[in-house]
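Working notes, structure below.
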Amino acid sequence: MSLFSILFSDFNSASHKWLMLVFAVFFNPINVLYAQNYQIKGNVESVFGEDKAAFINVVFQGKKNYSVSTNERGEYILRSIAADKYTVSFSSINFKPKTIEINIVSDTVLNVKLEPLQRLLEEVYVTASQVKGKPSTSVIDRKAMELLQPSSCTDLLELLPGGRTYSPNLTQMNQIRLREPSNAPSGYNTGSLGTAFYVDGAPINTTANMQTTSGYTSTDPNSSRNSVNKGVDMRSIPTDQIAKVEIVRGIPSVEFGDLTSGLVNIERRKGNTPYTARMKADGFSKLYAIGKGVSILEKNLFINSNVDFLDSKADPRDSYENYKRITASVRTEKFWENDNSRFTWNSALDYATTIDNERVDPDNSYALTDSYTSTFKSYSLNNAFKFKFNDNRLLKSLDFSTKISYQEDIIDLTKWVQARSATVLINSLEEGAHYANYITPSYAADLDVEGKPLYVFLKGVSTLGFSQGMIKHQIKLGTEYNYSKNFGRGQVYDLDFPLALNSVSSVRPRSYSDIPALQNLSFFAEDGAKILAGAHHIDLTAGIRAMAMVGMDTKYDMANKFHFDPRINAVWHLPNTTLAGKKIEISFGSGFGIHHKLPTMDMLYPNKTYIDNIQLNYYHNNPDFIRANAKTTIINTENYALKAARNLKWEFNADFNYDDNRLSVTYYRESMASGFRAMSRYRAIDYRLYDNTSIDASTITSRPNVEDFAYKEMKEYYAYSINGNGSGMFKEGIEFQFTTKRFSAINTRFTINGAWFNNRYKSSVINYGIISTSVITDNKVRQYIGIYNEDEGTDYRQFNTNLTVDSYLPKLGLIFSASAQSLWFTASKENYKTGVPIAYMDINGNMLPYTEASKSDANLRWLLQNYSATRFRGNRVPINLQVNIKASKDFKNKARISMFVSRFLTYLPSYTQYDVRFVRQGASPYFGMELNFNL
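Just so we're aligned: the sequence shown equals residues 10 to 944 in my numbering.
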C-alpha cells in the first residue's frame, strides 16, 4: 500500500479529526480575511469646487460600526477597520447627506463630494465679510481672492469699506493706507509703518531696513521704491497660497503690538490640495504660480509647497523699467494626540527675491551707463508649537512661536557724472579745514548699498479657561521678543568719484554692521470674557500690553522704558427676536485702545550730516598751481529725545441682522500727535572765505597755501534734519457695509459698503524757517531763523460707496460680479496761517520775540511768509464713478478661467470752481485674464 493511501485512509479517523480543526482555524482563507484590519482615509469636498467640507460625520455600518469626523480641512482617517462590506454615510448641517456602499478588503482611499445646502451658499462671499463680534474687522477668503484675481496683497484693499479699484503700479513701493482718503498727502508714513503684517502667526519685520540712496545723488531713482521707515512693501506678498486675510482697522488684541494703525493677519493654505497652476496676464504684468498640498493622514503629516513668478513693467511699451518677484515656500504640519492632549508642530521655510530695474533708453540719452537695480532676497524659517489640552484643567493651551529671517538687499546704482567747470572734490571723513582736490571732469559713478538684516522673533502664550457664575473667561498671558540687526556694509562707493556734485550738505559712506542691534521685549495679558445675563450676551475683551526697547544706550530717553497699551472691546448682543417669522439679531459694540509704534533703526541711528564749505577755489592756468581748501562740519543727527509714536483710538459699532440681511456701521476717531517725521534744524557754522584776488597770479612760482590769501570770517545758518515726533494725524469717519442674503432663485447677493473720511494731517511741533539765500541781510545770507507756531494742518475729506452684485451659480461653475464704485467727492482745505513768526534767532543764537516793529525791519521783514489769497480756499472735486466687472468659470473643477475689466464704464463730469472750468475725461479701461488648473 502506498504512503498516500495509508494517509488518506486514516484521514477521517477519530485520531486525526483534530488536524482538520487546526487546518480550518489557521489555514482557511476566509477566516484569514475576516481577521485582518485595514486603514481607510479620504477627503470630503464640495461638488462645486475644492472647498473643504469640515467636521463631516462619517459613519461605517457593517457587522461592526465605526465613526469618524473630518478635520477642518475635510480630511478623515480610520486607522483600523475590519474587512467587511459597509454602508458609509456622510452627514452635516451644511451639506446634503450621502450614502455609499463599499467593500473593504485592503487599505482604502475614499474621496467624496457633497452637495452644499443653501445655508452654506449663504456663507460664500466674493467681497470682504465683516466679522461678527469683532468691529472694524474684515475677512477676505479664498473664494473672494479667486474672483478678484490679485497680483499682490495691494489688490485686496479694494474690498474694504472705503476701498477702490486702481490700476496696479508694481514698479513703486506699495504702502497700506488704512482709513485714509485717496487724496491724502504723501510723507505721513507712520500710518503704513504702524500697520503690522503677520503671516501664519509670525510678523514681517522691517525695523532694520536701511536701503536708501537719499543724500548720495542729486536725482534719486530709488525714491519711489524706497520703503525705509514706511513699513511693509505689499508688492512682495503673493496671494496664491493665502487661505484668508483678516484686516483689523480698529482695535486689535493686545497679543499684537508695535503698531498704531491696524493689523493684517494672513493665514496660508494647509492640507491636501491638487496640483494647482495659475497663469495671469494684464496690461502691466504676467504672473505664474504652481502649488501642491499633500496629506499623509496615517502619519498625521501635511505638506504644502508653492512657487510663483511675477514680471511687471511700468509701461508695457517700455522694457527698461520693470519689477520681478519670485517666491517659494514649503510648509509642514505634524501633530500627535491622545485622549487628553494634542501637540502640533507647524514649520515653514520661505524664500523670496524681488528685482527692481531701471535703465536709460539708449535712444533717449547719451548717458548709456545710467542704470538702477535693487535686489532683495529673503530666507526665513518659522516654527510654531502648540500644546492643546482636552480635559477640564485650568490650562487650555501653550503656544510657542519662533521665526528667523535673513535678507540680502543690494542696490546697484550707476550714473554718468560730468562737471561743467573746475569742481572741488570734498570727501573728508574728518571734521575741520583741509586741502582738497578737484573732480575728474567726467566719469561713471557707482554706488552699492548693501543691507543684510537679521530678524529673530520669539513668542510664548498660555491660554487659561474657567467659568465663574454666568461669566466664562479665556485668559491669555504671553511674552514676545524681537531682535533686529543689520550686518550689511551700507553705502559703498569710491569717495573720489561721488554721484552728486556741488552739494553743500551731504552724507558719507558708513557700515550698517556698526549700528547696534534693536531689541523689543513685550508682555501682555488679556481676558476674553463671555457674559450670559439671561437672554443677553456680552463679549468683553480687555487687556494690556507692555513694550520696551531694551539693551539701548541710556542716552536715549526711551531706553529700557515700558510703553503701556491698554485696549478693550465690548459687544452687547441683544436677545434674539422675530419679525414676520424671521429672526432679528442686534448688537452694539464699543472699543478703546492705545497703540505704540517704536522707532526704526534708521530713525534711531541716522547717518551723520556733512556740511562742506569751500573756503578757497583758486584755479590757475598752470595745473601745478591750483589750490582748493574746504572746511567740513560733521553734525550728529541722532535725536535722543525720540519717542514711540502713540495713537489713541475709540469707536462705536452697531450691527443689525434680519433674515440674513446684515447692516454694520462703525463710527471711529483716532488721534496721533507724535508720528514720526524728518524735522528741520539749523546750525550756525563758521568758516573762512579766502580772496583769490589777494595774490598776483602772474608772480607766483609754486602752489600757494591758504596763508598766502586774505580772507574774511563768515558765519551762516545751515539746515539739516533730525527724526522727531512732529507728525500729527487725526482721523474721524464712518464705515458701513450692508449685505443682503443670497437670493436662492438666482444665487445672487447685493453688497453696498463705503466710508466717510474726515482726516487732518499736520505738523504737531514748532517749525523753523530761514530767509531765502537770494535775499541779503546784513550784507550776508542765512543770518536769521524764523520760529513759527501755527496750525500747519490740512483737512482731507472723502465719501465713497461701492455697490457689488455677485451671482454664484455653483452648478454652472460660474461666479460673476459687477461693482459700481462711486467716489462722491474728495475735498481738502488748508488751515489758515498768518505767516508771522512768534520769535526769531540771530546768527549768534540769541532768541528774540518777533514784534510789530520787526515786520518793518529791513532784515527781519523777510521772515514774514506771504501766502496767496486763494491758498486757504477749500477744494472740492465732484463724483468719480467707475463700473468694474469680474467673472470666473469652472470646468469640472479641473480648470477655471477668470477675467476682469476695471473702469468698464466711467462717469467724471466736468465742473467749475472759483470761476475756473475743470474738464475731466474718463480713464481708459484696464483688463486682464487668468487661467487656473487643478490636476
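Glycine included, C-beta positions come from ideal geometry on N, C-alpha and C. Remember, predicted model here, so these are calculated numbers, not experimental data.
Inter-residue spacing [alpha-carbon to alpha-carbon] between residue i and residue j
i, j, result
"residue 932", "residue 909", "16 Å"
"residue 671", "residue 762", "11 Å"
"residue 576", "residue 339", "36 Å"
"residue 471", "residue 405", "8 Å"
"residue 447", "residue 728", "25 Å"
"residue 715", "residue 638", "8 Å"
"residue 527", "residue 282", "40 Å"
"residue 465", "residue 413", "5 Å"
"residue 459", "residue 234", "16 Å"
"residue 900", "residue 823", "9 Å"
"residue 731", "residue 871", "25 Å"
"residue 883", "residue 832", "18 Å"
"residue 219", "residue 523", "13 Å"
"residue 394", "residue 309", "15 Å"
"residue 167", "residue 782", "46 Å"
"residue 857", "residue 332", "53 Å"
"residue 625", "residue 165", "58 Å"
"residue 90", "residue 237", "59 Å"
"residue 544", "residue 578", "20 Å"
"residue 940", "residue 757", "24 Å"
Residue of the options minimising C-alpha distance to residue i
i, options, result
"residue 531", "268, 152, 320, 621", "268"
"residue 482", "683, 539, 668", "539"
"residue 263", "103, 609, 216, 535", "535"
"residue 829", "354, 392, 888, 182", "888"
"residue 147", "674, 605, 788", "674"
"residue 834", "53, 52, 807", "807"
"residue 641", "875, 512, 877", "512"
"residue 745", "664, 846, 364", "664"
"residue 189", "766, 876, 817, 810", "766"
"residue 520", "467, 614, 434, 529", "614"
"residue 348", "362, 399, 299", "399"
"residue 183", "737, 303, 194, 240", "240"
"residue 252", "93, 351, 162", "162"
"residue 701", "694, 256, 712", "712"
Contact test: residue i Cβ vs the ligand FMN heavy atom, cutoff 7 Å
i, result
"residue 659", "For the ligand FMN, the structure offers nothing, since it holds no ligand at all."
Under the three-state DSSP convention, the category residue i falls into
i, result
"residue 521", "helix"
"residue 9", "Absent from the model: residue 9. The displayed extent of the chain is 10 to 944, so no value can be given."
"residue 283", "strand"
"residue 678", "strand"
"residue 717", "helix"
"residue 89", "strand"
"residue 867", "coil"
"residue 164", "helix"
"residue 439", "coil"
"residue 137", "coil"
"residue 264", "coil"
"residue 82", "coil"
"residue 878", "coil"
Cβ of residue i within 8 Å of any chain B Cβ
i, result
"residue 817", "Of the protein chains in the structure, only one exists, and it is not chain B."
Query raised in the report: Is it a yes or a no for the region 652-672 touching the region 707-726, going by three-plus beta-carbon pairs under 8 Å?
Result: Using a C-beta cut-off of 8 Å, the region 652-672 makes no contact with the region 707-726, since fewer than three inter-stretch Cβ pairs fall below that distance.
Query raised in the report: Would the region 281-297 and the region 221-230 be scored as touching if the rule is three or more Cβ pairs under 8 Å?
Result: no
Query raised in the report: Could you give the uninterrupted runs of the beta strand (DSSP E) lying entirely in the region 209-262, keeping only those of 3 residues or more?
Result: 251-257
Query raised in the report: Does the region 396-411 touch the region 433-446, meaning 3 or more C-beta pairs lie closer than 8 Å?
Result: no
Query raised in the report: At what residue ranges does the region 718-801 contain a whole run of the beta strand (DSSP E), taking only runs of 3 or more?
Result: 720-748, 757-772, 776-779, 794-797
**Report entry** Touching by the beta-carbon criterion (3+ pairs, under 8 Å), the region 789-809 and the region 764-777
**Finding:** yes
Query raised in the report: Using 8 Å as the Cβ pair cut-off and three pairs as the minimum, do the region 62-74 and the region 315-334 touch?
Result: no
Requested in this report: Run through the region 495-564 for me and flag every whole beta strand (DSSP E) of 3 or more residues, listed as ranges in chain order.
Outcome: 499-501, 527-542, 545-559
Query raised in the report: Is it true that the region 447-457 meets the region 423-438, where meeting means three or more beta-carbon pairs spaced less than 8 Å apart?
Result: yes
Query raised in the report: Between the region 872-882 and the region 839-848, do at least 3 Cβ pairs fall closer than 8 Å?
Result: yes
Requested in this report: Would you check if there are 3 or more beta carbon pairs closer than 8 Å linking the region 539-556 to the region 95-113?
Outcome: Fewer than three pairs of CB atoms, one per stretch, sit closer than 8 Å, so the region 539-556 makes no contact with the region 95-113.
Report task. Could you tell me which uninterrupted beta strand (DSSP E) segments, each at least 3 residues in length, are contained entirely in the region 596-658, listed from first to last along the chain? Result -> 618-627, 636-644
Query raised in the report: Are the region 911-926 and the region 847-867 in contact at 8 Å, needing three or more beta carbon pairs?
Result: no
Query raised in the report: Using 8 Å as the threshold, is the region 502-511 in touch with the region 590-597, meaning 3 or more CB pairs across them?
Result: no
Query raised in the report: Okay, do the region 352-366 and the region 377-397 touch, 3+ Cβ pairs below 8 Å being the bar?
Result: Taking 8 Å as the limit for Cβ pairs, the verdict is that the region 377-397 does touch the region 352-366.
Query raised in the report: Taking contact to mean at least 3 C-beta pairs separated by less than 8 Å, is the region 749-761 in contact with the region 807-817?
Result: With the cut-off at 8 Å, the region 749-761 and the region 807-817 touch.
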